[in-house]
Amino acid sequence: MRVFAGLAGLVCLLASGAAMAAEEPSYTLVERVGSIEIRDYPGLIHAEVTVRGDRQTATRRGFQPLANYIFGGNQPREDIAMTAPVTASRSSQSIAMTAPVTSEPAGEGEWVVSFIMPSEWTMETLPVANDPDVRLREAPPRRGAVIQFSGVMNERRAERHLEELEAFLSERGLSALGAPTFAAYNPPWIPGPFRRNEIWIEVSAD
Numbered sequence: 004m005r006v007f008a009g010l011a012g013l014v015c016l017l018a019s020g021a022a023m024a025a026e027e028p029s030y031t032l033v034e035r036v037g038s039i040e041i042r043d044y045p046g047l048i049h050a051e052v053t054v055r056g057d058r059q060t061a062t063r064r065g066f067q068p069l070a071n072y073i074f075g076g077n078q079p080r081e082d083i084a085m086t087a088p089v090t091a092s093r094s095s096q097s098i099a100m101t102a103p104v105t106s107e108p109a110g111e112g113e114w115v116v117s118f119i120m121p122s123e124w125t126m127e128t129l130p131v132a133n134d135p136d137v138r139l140r141e142a143p144p145r146r147g148a149v150i151q152f153s154g155v156m157n158e159r160r161a162e163r164h165l166e167e168l169e170a171f172l173s174e175r176g177l178s179a180l181g182a183p184t185f186a187a188y189n190p191p192w193i194p195g196p197f198r199r200n201e202i203w204i205e206v207s208a209d
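Reading the sequence shown from the start, the letters are residues 4 to 209 in the numbering used here.
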């Protein structure tokens with residue numbers, strides 16, 4: 004029992020340490036209702052790639068070129084600090100932006116996988132990626148409805164929490180301004196119960 008408790012404590016420590024090591028985007032909390040929050044985000048810079056596949060496959064495929072970029076795969080071989088979360092959202096080129104968001108299929112398609120760049124960098128100071136598939140994009144300030152949950156973000160779990168978030172938007176009379184973004188904060192070796200996941204949907208700030 005003591006050994007198990009010690010191992011559990013070590014896992015908790017490693018999980019919290021991994022989360023603390025990476026910068027996360029700042030935001031202003033507007034409202035919290037249970038596991039759902041309304042947040043205002045400032046403008047953020049994304050390094051991103053477009054990948055085909057289902058969400059989980061696309062996230063794995065997209066991670067490597069982005070990791071290569073921040074770990075020196077750029078000119079002039081500059082290291083960029085790792086941030087959290089890693090996000091994936093449907094490519095706007097592969098979906099019709101119609102409501103409700105639940106009409107979007109969960110299978111094969113184009114996904115945009117991105118790392119949010121550390122706040123110290125600007126579009127002018129970020130290095131150019133060696134990989135032409137990696138692009139930089141500056142997103143404007145926006146408001147998002149966000150649901151947070153733990154566990155491995157498989158399709159069943161993600162769909163369940165997405166439905167909960169969409170029901171919240173419907174109850175509040177809030178319209179989604181685009182496809183949902185799936186955000187994973189932890190590396191894959193972190194056990195499911197200690198993982199932090201979120202789904203973001205942009206909404207009007209009016």
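Backbone N, C-alpha and C fix where the C-beta goes; we use that ideal spot for every residue, glycine too.
Go ahead and pull the three-state DSSP assignment for residue i.
i      : result
Ala170 : helix
Ala25  : coil
Ile41  : strand
Leu180 : coil
Ala87  : coil
Ala187 : strand
Ile193 : coil
Glu81  : coil
Under the rule that 16 or more other beta-carbon atoms within 10 Å means buried, what is residue i, buried or exposed?
i      : result
Val104 : Because the pLDDT at Val104 is just 25, under 50, the model does not fix this residue reliably, and the point stays unresolved.
Val36  : exposed
Pro68  : buried
Arg55  : exposed
Ser173 : exposed
Give the C-beta separation of residue i and residue j to the nearest angstrom, bearing in mind that I take them to be a contact with Cβ-Cβ under 8 Å.
i      : j      : result
Arg146 : Glu205 : 7 Å
Determine, for residue i, whether the minimum Cβ-Cβ distance to residues of chain C falls below 8 Å.
i      : result
Gly176 : Judged by its chain identifiers, the structure shown contains no chain C, having just a single protein chain.
Item checked: Every unbroken beta strand (DSSP E) within the region 125-153, with a cutoff of 3 residues, ordered by chain -> 138-142 and 145-152
request  = Check whether the region 121-138 touches the region 158-169, taking contact to mean three or more Cβ pairs, one atom from each stretch, closer than 8 Å.
outcome  = no
- Query: Is it a yes or a no for the region 37-47 touching the region 83-94, going by three-plus beta-carbon pairs under 8 Å?
  - Reply: no
Count Cβ pairs between the region 120-135 and the region 72-80 that sit closer than 8 Å; are there 3 or more?
yes
Quiz item: Is it true that the region 114-124 meets the region 47-54, where meeting means three or more beta-carbon pairs spaced less than 8 Å apart?
Solution: yes
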